[in-house]
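Here is the structure we will look at.
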Amino acid sequence: MIFGENGIRFGDLIAWIWRSAAYWNILVAMLIGIVIYLLWLASRQEYWRNAARQVRLNRIAMISLFILLIYIAIGLLDSIRWRDASVRPERKLMRNENGAIIYEPRALSLLDRISTLLREHTEKTYSAPLANRLYSKETVTLPDGRIVRDYPRLKYGGAKLKNEAGVWADVSRRILMGLLVGLVAGLAVGVAVYMIGNRLARSGNPTNHKMKASVPAPPSSPPSTGGKERGKAPFAFSSLKRSFIWGGITLAFVSGVAIVAWLTSEYHLIGTDKVGDDVFYRALKGVRTGLIIGGFTTLIAIPFAIFFGVIAGYFGGRVDDVVQYLYSTLASIPDILLIAAFMLLFGRGLFNLCLIMGITSWTGLCRLLRGETLKLRELEYVQAAEAFGVSRAKIILRHIVPNVMHIVLISFILRFSGLVLAEALLSYLQIGVDPTTGSWGNMINTARLELAREPVVWWNLAAAFVFMFGLVLPANLFGDAVRDALDPRLRTE
Numbered sequence: 001m002i003f004g005e006n007g008i009r010f011g012d013l014i015a016w017i018w019r020s021a022a023y024w025n026i027l028v029a030m031l032i033g034i035v036i037y038l039l040w041l042a043s044r045q046e047y048w049r050n051a052a053r054q055v056r057l058n059r060i061a062m063i064s065l066f067i068l069l070i071y072i073a074i075g076l077l078d079s080i081r082w083r084d085a086s087v088r089p090e091r092k093l094m095r096n097e098n099g100a101i102i103y104e105p106r107a108l109s110l111l112d113r114i115s116t117l118l119r120e121h122t123e124k125t126y127s128a129p130l131a132n133r134l135y136s137k138e139t140v141t142l143p144d145g146r147i148v149r150d151y152p153r154l155k156y157g158g159a160k161l162k163n164e165a166g167v168w169a170d171v172s173r174r175i176l177m178g179l180l181v182g183l184v185a186g187l188a189v190g191v192a193v194y195m196i197g198n199r200l201a202r203s204g205n206p207t208n209h210k211m212k213a214s215v216p217a218p219p220s221s222p223p224s225t226g227g228k229e230r231g232k233a234p235f236a237f238s239s240l241k242r243s244f245i246w247g248g249i250t251l252a253f254v255s256g257v258a259i260v261a262w263l264t265s266e267y268h269l270i271g272t273d274k275v276g277d278d279v280f281y282r283a284l285k286g287v288r289t290g291l292i293i294g295g296f297t298t299l300i301a302i303p304f305a306i307f308f309g310v311i312a313g314y315f316g317g318r319v320d321d322v323v324q325y326l327y328s329t330l331a332s333i334p335d336i337l338l339i340a341a342f343m344l345l346f347g348r349g350l351f352n353l354c355l356i357m358g359i360t361s362w363t364g365l366c367r368l369l370r371g372e373t374l375k376l377r378e379l380e381y382v383q384a385a386e387a388f389g390v391s392r393a394k395i396i397l398r399h400i401v402p403n404v405m406h407i408v409l410i411s412f413i414l415r416f417s418g419l420v421l422a423e424a425l426l427s428y429l430q431i432g433v434d435p436t437t438g439s440w441g442n443m444i445n446t447a448r449l450e451l452a453r454e455p456v457v458w459w460n461l462a463a464a465f466v467f468m469f470g471l472v473l474p475a476n477l478f479g480d481a482v483r484d485a486l487d488p489r490l491r492t493e
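The opening position of the sequence shown corresponds to residue 1 in the working numbering, with each subsequent residue numbered one higher.
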């Protein structure tokens, strides 16, 4: 909150933007605006519309996109964060001696506020998934005064259970309740989506229907109702089949969310770590880091690749030689050594990691764009533009860059998953993001010692693996579908 008893001060507003980490919100909003603008530009061209239509017909690609959108939604919820102003017991804002508002030390995101139970219900140390006792024995004093070695009860996990023998019965009951709620909610959502889609499909373009209705059919033309019915049957069957498929996906997703919500309200779904934090919450916090590493790093690398690749391929000569020497020299340096040196010099951080990985990962795309530009500059429309006296800058911006964007898009999607895996490797080598940052690489790094203890703590590694696998596999499948849709050789076949 930035509203005080005397209104809003300009200095308080600027301080709120900076201290509450609102610059992340502004950056995320700018990126979303850029993506929407690029999609709008692409929708105006027939080439991109045909490619999008081909991707929509690929069921695996659409299911992969649906999973990716879930990850993106989680990342956005975790990116929108702000710091609350400190409030006195009498509900007045706390200010320092200069009159500035005092803020809480930690900025909480929307994901933190939604998952308050997961964030605040911390235990003493390790506990297994869906357990009601700690994972290791401790000295416990019984009510009768005896001191024994036993597994203590958890503070929150299954704390409401009076009979410990009914743990799995309670878990089964919660799963069934979540499944029932999810089915009801999923059916409601599915019916609403189906009715809206069916109405839109039937309405179509009303102007075309009016024009067809206003033109009478010639009297000599025979009725063609049978042909229409034969043509409508396969379309109706395929439409019904798609409705069943997407209805099943919607039911599965809503039911899964309901089951998870029902279980996490009372238990630790994937257990707790060494300091008692919920592992499922830590895995959710790693989604944002993975998306930022994969997305921002590629966005940093793409401008370098487009600039150097296009000018090297178009101008040739000494410019081409200089660019080749540049990326050959950069590619000859081991990436891990360069990243390690950069992180040791400037410190471990998310932005520093994205920056150095973006600077070192543009060479491969630069080679591809250089080769494509060498081919494009010899085509007739480029030579005609040069003959008419069009400047080289306009030729590059109007004729070269738009015709290499399909390579940029394919490279962006395919490199995304590789960068997510690279972050896990770098964090495992302790040269990745800060240890306090939630990431799957840090979870794997801590699991290295947990797998060597007795009894083995396996759920940290399993959670990081499942969440990382759930992001990388759909990204690869969707990237393959986009590549097939934009590949000219496959399109001509």
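The C-beta atom is built at its ideal place from N, Cα and C for all residues, glycine as well.
Between L69 and A475, the gap from beta carbon to beta carbon reaches 8 Å or more. Taking all protein chains shown into account, R392 has fewer than 16 neighbouring C-beta atoms within 10 Å of its C-beta and is therefore exposed. In the DSSP secondary-structure assignment, R81 is bridged to S109. Across the set A422, A128, L414, M177, the C-alpha of A422 shows the shortest separation from the C-alpha of I336. As the crow flies, the alpha-carbon of V171 is around 12 Å from that of A261. Looking only at A131, P152, L134, D434, the smallest Cα-Cα distance to T141 is reached by P152.
Note: V140 is bridge-paired with V148 in the DSSP secondary-structure output. About 5 Å separates the beta carbons of I395 and A385, which is inside the 8 Å limit, making them a contact pair.
Between W459 and G158 the beta-carbon gap is near 16 Å, outside 8 Å, which marks them as no contact. In the DSSP assignment, no residue is bridged to T363. Annotated three-state conformation of T446 is helix, per DSSP. With a contact defined as Cβ atoms closer than 8 Å, A301 and S361 qualify at about 5 Å. For the pair Y325 and T373, the CB atoms are not nearer than the 8 Å cut-off. By the neighbour-count definition (other C-beta atoms within 10 Å, threshold 16), D144 is an exposed residue.
Here S328 is exposed: its Cβ has fewer than 16 other Cβ atoms, across all protein chains shown, within 10 Å. Between D78 and V287, the gap from beta carbon to beta carbon is short of 8 Å. CA-to-CA, the gap between L449 and S427 works out to about 14 Å. A Cβ-Cβ contact shorter than 8 Å links L419 with T298.
Of all C-beta pairs linking the region 276-283 to the region 403-414, fewer than three are shorter than 8 Å, placing the two stretches out of contact. Cα atoms of K274 and T125: separation of roughly 5 Å, rounded to the nearest angstrom. In the three-state scheme derived from DSSP, where H, G and I count as helix and E and B as strand, T437 is classed as coil. Sequence-distant Cβ neighbours of V257 in its own chain, meaning closer than 8 Å and more than five residues away, are G182. When rounded, the separation of the alpha-carbon atoms in R199 and V191 is 12 Å. Contact annotation, A305 with C354: C-beta distance approximately 16 Å; criterion of less than 8 Å not satisfied.
Secondary structure of S127 (DSSP, three-state): strand. Annotation for G178: A258, I259, W262 place their beta carbon closer than 6 Å to its own, counting only its chain and skipping 5 residues before and after. Here DSSP, grouped into helix, strand and coil, assigns D278 to strand.
The three-state reading of DSSP puts R318 in helix, counting H, G and I together. The beta carbon of A185 lies closer than 7 Å to those of V254, A258 in the same chain, with the five residues before and after it left out.
Between F244 and S136, the alpha-carbon positions lie close to 48 Å from each other.
DSSP places R119 within a helical segment (H, G or I) once states are collapsed to three. Each residue's CA atom was taken as its position, placing A452 and A128 some 16 Å apart.
Excluding five sequence positions before and after Q430, the CB atoms of its chain that fall closer than 8 Å to its own CB belong to N445, given in chain order.
By a beta-carbon distance limit of 8 Å, V482 does not contact V35. Their separation comes to about 15 Å. In this structure, I400 lies near L376, with their beta-carbon atoms less than 8 Å apart. Secondary structure in the region 282-332: the alpha helix (DSSP H) runs of 4 residues or longer, each lying completely within the stretch, are 317-332 in chain order.
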